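Colleague: Numbering-wise (numbering that gives the first Met the number 0), the sequence shown opens with residue 0 and increments by one.
For every residue, glycine included, the Cβ atom is placed at its ideal position computed from N, Cα and C.
Please read all numbers here as calculations on a predicted model, not as lab measurements.
First the structure, which I've put down as structure tokens, then a few questions once you've had a look.
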Amino acid sequence: MEVKSKNKLPNFQNILFSYLVSDNDANLQRILLCIIMLCSTWAIQARPFDVVVARDGSGNFDKISEAVAAAPDRSSEKYYIRIKRGTYAEHIRIGTEKTNLVFVGDGMDVTIITNSRSNHSGYSIFESATVDVEGDGFIAKGITFMNSAGPNNGQAVAMKSSSNLSAFYQCRFKGYQDTLFVDKGLQFYRDSEIYGNTDFIFGNAAAVFQNCHIFVLNPTTNHACVITAQGRVSNDVFTGIVIHKCTIVAADGFRKGTKTYLGRPWSSLSTVVILESFLDDLIDPKGWLQWNRVDPQHSSLYYGEYGNQGPGADTSRRVKWRGVKILDFTEANKFSVRNFIRGQTWIPFTNIPFLPDLK
0 MEVKSKNKLP
10 NFQNILFSYL
20 VSDNDANLQR
30 ILLCIIMLCS
40 TWAIQARPFD
50 VVVARDGSGN
60 FDKISEAVAA
70 APDRSSEKYY
80 IRIKRGTYAE
90 HIRIGTEKTN
100 LVFVGDGMDV
110 TIITNSRSNH
120 SGYSIFESAT
130 VDVEGDGFIA
140 KGITFMNSAG
150 PNNGQAVAMK
160 SSSNLSAFYQ
170 CRFKGYQDTL
180 FVDKGLQFYR
190 DSEIYGNTDF
200 IFGNAAAVFQ
210 NCHIFVLNPT
220 TNHACVITAQ
230 GRVSNDVFTG
240 IVIHKCTIVA
250 ADGFRKGTKT
260 YLGRPWSSLS
270 TVVILESFLD
280 DLIDPKGWLQ
290 WNRVDPQHSS
300 LYYGEYGNQG
310 PGADTSRRVK
320 WRGVKILDFT
330 EANKFSVRNF
340 IRGQTWIPFT
350 NIPFLPDLK
């Protein structure tokens, strides 16, 4: 897998990893990564915010979109925007020129960005996102991204990330259909919550979700719920959705007996892997669903499971498609943070904790 970033990493990282450490020296890599993460932590904690957004007028801006517009274009340095507690009813687009932005909220319970664009109100999935990020190197911490269109208005995206090397920490993504659009690039989600009922984690990025909580909401009718809809379209680019050490459970008020599936193929090469996670009893024993009856798209997909626990983790009755696999450690380890998104080369500089390998 090779996805190039426009962002240049700091010289000291290039020195450490390109000259001091060989690929085979795993112990030295771990030691140096710990040192880098500590240095990164101190640097970020000591650095003041570039601007502050506050609803009460105590910051530099009242609106997040104004702070984004004022940020430098094509920055090689991180630009920190603190977003104070409050509910911000905005549609925010971060263009490709706005690189290395960092949104820091006061916590997912109190810093909320929301909008209600939806398919039924005339917006496509590419237009409906409450926050649409295209600039590489985007980071968000302690924020809720919400699409408040409700369960009866079709596709309604809360967050669309097309940002390569983007990372989200202690964030919440709330919607119903198509909540979180992981469009492209390398992406990492840690200690976050994702809510939805239909294809609510979808797209064609190489995205890893680690230590996250995935909550399934009631469907509007008797339709089934589907968690993922991955859209890999080329054998030349290794993309997919990886769910590692997460919990998949029903949200409060979920109708018991509602069929819920781990995913369905948005494209014929759809790739989803569930690793070392807890799957509650809402998961249907078949595990996976075809795209639709006319175009099932299940002949060349890749759906894998490894080391999962919980009543929904029993794989004995999974669908018998060729691409549905129960993985061994060697195969599963291809989808670790280290191997799938090359996380050890960039996540330490986000100041977000991560597990590089499977246990």
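(1) Give me the Cα-Cα distance between T178 and F199, rounded to the nearest whole angstrom.
(2) Which residue marks the beginning of the beta strand (DSSP E) containing I351, and which one marks its end?
(3) By how many angstroms is the C-alpha of I138 removed from the C-alpha of P352?
(4) CA-CA distance, D356 and F187?
(5) Rank L268, E76, C170 by C-alpha distance to the C-alpha of V236 and give the top, closest one.
(6) From this set, K140, Y260, H119, R73, which residue's C-alpha is nearest I102's C-alpha?
(7) Count the other CB atoms, across all protein chains shown, that sit within 10 Å of the CB of K358; report buried if there are 16 or more and exposed otherwise.
(8) Give the secondary structure of A204 by DSSP, where H, G and I count as helix, E and B as strand, and everything else as coil.
(9) I142 and C170 look like a contact to me (Cβ under 8 Å); what is the Cβ gap, rounded to whole Å?
(10) Helix, strand or coil for A69? Go by DSSP, reduced to three states.
(11) Between which two residues does the beta strand (DSSP E) holding N114 run?
(12) Got a sec? Which residues, its chain only, sit under 8 Å from G136 by beta carbon, not counting five neighbours each side?
(13) Does DSSP classify E192 as helix, strand or coil?
(14) Would V181 be called buried (16 or more neighbouring beta carbons within 10 Å of its own) or exposed?
(15) Strictly by DSSP, which residues pair up with S160?
(16) Residues in the same chain with beta-carbon distance under 6 Å from V51, minus the five sequence neighbours each way, listed in chain order, please.
(17) Can you tell me whether Q289 is helix, strand or coil according to DSSP?
(18) In whole angstroms, what is the alpha-carbon distance linking F48 and A66?
(19) Apart from the five residues just before and just after S366, which ones in its own chain have a Cβ nearer than 6 Å to its Cβ?
(20) What separation, rounded to the nearest whole angstrom, lies between the Cα atoms of Y302 and G149?
(21) Closer than 7 Å by C-beta to R73: which residues in its own chain qualify, once you throw out the five before and the five after it? Chain order, please.
(22) Please classify E304: is it buried, with 16 or more other beta-carbons within 10 angstroms of its beta-carbon, or exposed?
(23) Report the rounded CA-to-CA distance for A312 versus K324, giving the unit in angstroms.
(24) Between V241 and F208, how many whole angstroms is the CB-CB distance? I'm expecting something under 8 Å.
(25) Apart from the five residues on each side of it in sequence, which residues of its chain come closer than 7 Å, Cβ to Cβ, to S21?
(26) Give the DSSP-derived three-state secondary structure of G262 in the structure shown.
Modeller: According to the data block:
(1) On the sequence shown, position 179 is the one that residue 178 refers to. On the sequence shown, position 200 is the one that residue 199 refers to. C-alpha separation (whole angstroms): 5 Å.
(2) Start at 1 with the first residue of the sequence shown, and residue 351 comes out as number 352. Where I351 is concerned, there is no enclosing beta strand (DSSP E), given that its DSSP letter is neither H nor E.
(3) Here residue 352 refers to the residue found at position 353 of the sequence shown. Here residue 138 refers to the residue found at position 139 of the sequence shown. Those two C-alpha atoms are separated by around 13 Å.
(4) Along the sequence shown, read from residue 1 onward, the residue named residue 356 stands at position 357. Along the sequence shown, read from residue 1 onward, the residue named residue 187 stands at position 188. Their Cα atoms are separated by approximately 14 Å.
(5) Working through the sequence shown from its first residue, we reach residue 236 at position 237. Ranking the options by Cα distance to V236, first place goes to L268.
(6) The residue given as residue 102 occupies position 103 in the sequence shown. Contrary to the premise, residue 102 reads as Phe rather than Ile in this sequence. Considering only alpha carbons, the answer is K140.
(7) As a working mapping, residue 358 is identified with position 359 in the sequence shown. K358 comes out exposed.
(8) Residue mapping note: residue 204 aligns to position 205 of the sequence shown, counting from 1. Looking at A204 - three-state DSSP - the assignment turns out to be coil, as it is neither helix nor strand.
(9) Here residue 142 is taken as the residue at index 143 of the sequence shown, counted from 1. Here residue 170 is taken as the residue at index 171 of the sequence shown, counted from 1. The Cβ separation is near 5 Å, so the contact holds.
(10) Indexing the sequence shown from 1 puts residue 69 at position 70. DSSP places A69 in helix when its eight states are reduced to three.
(11) Mapped onto the sequence shown, residue 114 falls at position 115. Here the beta strand (DSSP E) through N114 covers 110-114.
(12) Sequence index remark: in the sequence shown, residue 136 carries index 137 (1-based). Closer than 8 Å at the Cβ level, and outside the excluded window around G136, lie S4, N6, K77, T98, N99, L100, S162, N163, L164, S165.
(13) Along the sequence shown, read from residue 1 onward, the residue named residue 192 stands at position 193. Strand at E192.
(14) Here residue 181 corresponds to residue number 182 of the sequence shown, with the count starting at 1. Burial call: buried.
(15) In the sequence shown, the residue the question calls residue 160 occupies position 161. DSSP lists V132, V181 as partners of S160.
(16) On the sequence shown, position 52 is the one that residue 51 refers to. Closer than 6 Å at the Cβ level, and outside the excluded window around V51, lie G58, N59, R81.
(17) Position 290 of the sequence shown, counted from the start, is the residue given in the question as residue 289. Reduced to three states, the DSSP call for Q289 is coil.
(18) Within the sequence shown, residue 48 is the residue found at index 49, counting from 1. Within the sequence shown, residue 66 is the residue found at index 67, counting from 1. Between F48 and A66, the C-alpha separation is close to 12 Å.
(19) No answer is possible for residue 366: the residues shown for the chain start at 0 and end at 358.
(20) The residue given as residue 302 occupies position 303 in the sequence shown. The residue given as residue 149 occupies position 150 in the sequence shown. Spanning the two alpha carbons is a distance of roughly 30 Å.
(21) Here residue 73 corresponds to residue number 74 of the sequence shown, with the count starting at 1. Answer for R73: E96, T98, listed in chain order.
(22) Position 305 of the sequence shown holds residue 304. It is buried - the Cβ of E304 has at least 16 other Cβ atoms within 10 Å.
(23) Position 313 of the sequence shown, counted from the start, is the residue given in the question as residue 312. Position 325 of the sequence shown, counted from the start, is the residue given in the question as residue 324. Near 13 Å, if we compare the C-alpha coordinates of K324 and A312.
(24) Against the sequence shown, residue 241 aligns to sequence position 242. Against the sequence shown, residue 208 aligns to sequence position 209. With a Cβ gap of about 7 Å, V241 and F208 count as contacting.
(25) Mapped onto the sequence shown, residue 21 falls at position 22. Interpretation of S21 is limited by its pLDDT of 42, a score under 50 that renders its predicted location unreliable; the figure taken from the coordinates is listed afterwards. So no residue of the chain qualifies.
(26) Position 263 of the sequence shown holds residue 262. Residue state, collapsed to three classes: strand.
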